[in-house]
Amino acid sequence: MVRHFLPDNSLGQFLDGLSLFGALHGPVRTTEGVEVFGPVRTESDLLLNYRRTLIPPKKYLLPPRQTILNYTVAAGYTLPDEPEPHIILFGVHPCDLQGIAYLDRVFLGDRPDRLYRRRREAITLVGLSCEPDEFCFCTSDENIPRNADLFLQHVEHGFLVSAVTSKGEEMLDGLGKLLASSRITPQTSAEHRMMTRIREVARSGKTFPDSPLWERFAARCLSCGACSVCCPTCYCFDVLENGALDGTTADRFREWDNCLFRAHGEVAGGTNFRPDRRERFHYRYLHKYLGFGTLAGVPACVGCGRCRVVCPVDIDLTELFTEDGDACS
Ligand code: SF4
Ligand code: SF4
Numbered sequence: 000m001v002r003h004f005l006p007d008n009s010l011g012q013f014l015d016g017l018s019l020f021g022a023l024h025g026p027v028r029t030t031e032g033v034e035v036f037g038p039v040r041t042e043s044d045l046l047l048n049y050r051r052t053l054i055p056p057k058k059y060l061l062p063p064r065q066t067i068l069n070y071t072v073a074a075g076y077t078l079p080d081e082p083e084p085h086i087i088l089f090g091v092h093p094c095d096l097q098g099i100a101y102l103d104r105v106f107l108g109d110r111p112d113r114l115y116r117r118r119r120e121a122i123t124l125v126g127l128s129c130e131p132d133e134f135c136f137c138t139s140d141e142n143i144p145r146n147a148d149l150f151l152q153h154v155e156h157g158f159l160v161s162a163v164t165s166k167g168e169e170m171l172d173g174l175g176k177l178l179a180s181s182r183i184t185p186q187t188s189a190e191h192r193m194m195t196r197i198r199e200v201a202r203s204g205k206t207f208p209d210s211p212l213w214e215r216f217a218a219r220c221l222s223c224g225a226c227s228v229c230c231p232t233c234y235c236f237d238v239l240e241n242g243a244l245d246g247t248t249a250d251r252f253r254e255w256d257n258c259l260f261r262a263h264g265e266v267a268g269g270t271n272f273r274p275d276r277r278e279r280f281h282y283r284y285l286h287k288y289l290g291f292g293t294l295a296g297v298p299a300c301v302g303c304g305r306c307r308v309v310c311p312v313d314i315d316l317t318e319l320f321t322e323d324g325d326a327c328s
């Protein structure tokens with residue numbers, strides 16, 4: 000893969016060029032001081048050295064609330080048909096690119112979700128390398144993720160730019176005058192031990208039903224759901240419908256749900272499959288680390304560290320892999 004050198008002082012022009020392909024979004028700071036993905040007006044808006052945004056880029060693909068069907072008496076149920084605006088999502092770290100790759104497997108698998116696909120096709124991903132902190136345990140910090148269209152790696156005085164997809168190559172064609180060929184050899188790093196363990200455990204399918212950690216976590220957890228909201232691969236949603244009182248129109252929508260909430264396991268008739276926190280933690284472990292159905296054995300955790308950062312009572316599910324003898328072996 001050819002890498003080009005983009006000097007720091009050409010980044011503004013590079014961003015201007017990217018914005019010809021769609022609305023430029025990237026890591027920015029809100030007026031309240033929160034780091035989020037949002038619209039980028041000028042180069043100075045961008046947080047080039049951010050660690051992680053509060054909410055991952057999944058919000059572009061699965062909005063917190065999204066209309067999935069409209070109903071009228073004449074037409075019945077129909078998919079919303081508004082076109083999705085084209086977005087250039089700049090500065091996506093490798094862990095979040097992995098998170099999007101996981102969501103793609105869920106929503107573009109055997110039976111693609113048409114609304115997800117529409118949004119996914121309207122997004123161009125421009126990845127950016129990062130420096131891990133004490134909360135991260137992702138393994139992709141030095142490898143170029145295959146689902147980025149373009150990928151930028153920080154180097155001294157600039158960035159190494161790679162086109163990963165044909166869409167990325169087309170974009171670089173128009174921006175070539177800003178770039179120079181590079182002879183810099185990319186570094187490679189060893190896989191992080193934590194992620195290696197997680198993958199081993201996922202492959203083994205161990206469920207650890209009797210681990211004492213479930214009780215300890217349950218005793219502290221506030222069921223606030225922050226760990227799930229901020230996770231780049233949590234995608235559980237609820238489906239609700241608002242109908243007009245006269246029955247002539249309705250909107251059906253899906254909105255983010257949360258497996259740490261008591262109501263998540265409730266079904267018609269009042270039965271709840273996971274009424275207490277211990278069961279909800281165990282369920283989260285099963286889904287996050289062991290996977291379900293066609294994704295059984297594929298861990299959904301990409302090591303971004305968000306859940307460790309946001310938990311108000313310092314719960315860290317990865318303790319399971321360091322305290323449980325079986326998991327650590
Ligand atoms: S489980 Fe935690 S560390 Fe893993 S991907 Fe989700 S938020 Fe990131
Ligand atoms: S963030 Fe912490 S307290 Fe909140 S639901 Fe998750 S584990 Fe429980």
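Per numbering that gives the first Met the number 0, residue 0 is the first one in the sequence shown, and the count goes up by one each step. Just so it is clear, CB atoms sit at the ideal spot from N, CA and C, and this is done for glycine as well.
message: Checking the sheet assignment: what are the DSSP bridge partners for Q334?
response: In the structure as shown, the chain starts at 0 and stops at 328, and residue 334 therefore has no counterpart that could be examined.
query: Under 7 Å from any heavy atom of ligand 2, does the C-beta of V308 make it?
result: no
Residues bridged to P38 by DSSP?
H24
Q) Which partner residues does Q65 have in the DSSP bridge list? A) R253
- Item | V301: CB within 7 Å of a non-hydrogen atom of ligand 1 | yes
Does DSSP classify S165 as helix, strand or coil? helix
Using 7 Å as the cut-off, classify the Cβ of R50 as near or not near the heavy atoms of ligand 1, replying yes or no.
no
Handout entry: P298 versus K176 - alpha carbon distance
Key = 41 Å
>> At the level of alpha carbons, what is the spacing between V192 and C135?
In response: It should be pointed out that residue 192 corresponds to Arg in this sequence rather than to Val. If you take the alpha carbons of R192 and C135, they lie about 12 Å apart.
>> Please report the distance separating the alpha-carbon of K205 from that of Y282.
In response: 13 Å
Quiz item: Hey, L151 and F158 are a contact pair by Cβ (cut 8 Å); roughly how many whole angstroms apart?
Solution: 4 Å
Just how far apart, CA to CA, sit A73 and R113? 23 Å
Quiz item: Which first and last residues belong to the beta strand (DSSP E) in which L239 is found?
Solution: 236 to 242
Margin query: Starting from P93, trace the alpha helix (DSSP H) in both directions and tell me its first and last residue.
Written below: 93 to 106
| request: Sort out for me which residues DSSP pairs T77 with in a bridge. | output: N69
Exercise for the section: Using 10 angstroms around the beta-carbon of D95, count the other beta-carbons present and answer buried if the total reaches 16, otherwise exposed. Expected result: buried
Review point. Would a C-beta distance cut-off of 8 Å place C226 and C303 closer than the cut-off?
Key: no
- T344: CB within 7 Å of a non-hydrogen atom of ligand 1: Residue 344 falls outside the range modelled here, since the chain spans only 0 to 328, and no answer is possible.
- [ ] Helix, strand or coil for V266, going by three-state DSSP, please let me know.
- [x] coil
Fill in: Cut-off 8 Å between Cβ atoms - residues of its own chain near L88, not counting five sequence neighbours on either side
H24, G25, F36, P56, Y59, I122, T123, L124, V125
- Message: Considering just the uninterrupted stretch of the alpha helix (DSSP H) at G16, what are its terminal residues?
- Response: 10 to 17
Only counting the same chain, and skipping five residues up and downstream in sequence, which positions put a Cβ closer than 6 Å to that of Y271? Reading off the sequence shown, one finds Asn at residue 271, where the question assumed Tyr. Here the set comprises G264, E265.
Under the criterion of a Cβ to heavy atom distance below 7 Å, does C230 qualify as lining ligand 1?
-> yes
Checklist entry - Grouping DSSP H, G and I as helix and E and B as strand, with all else coil, what is I197? => result helix
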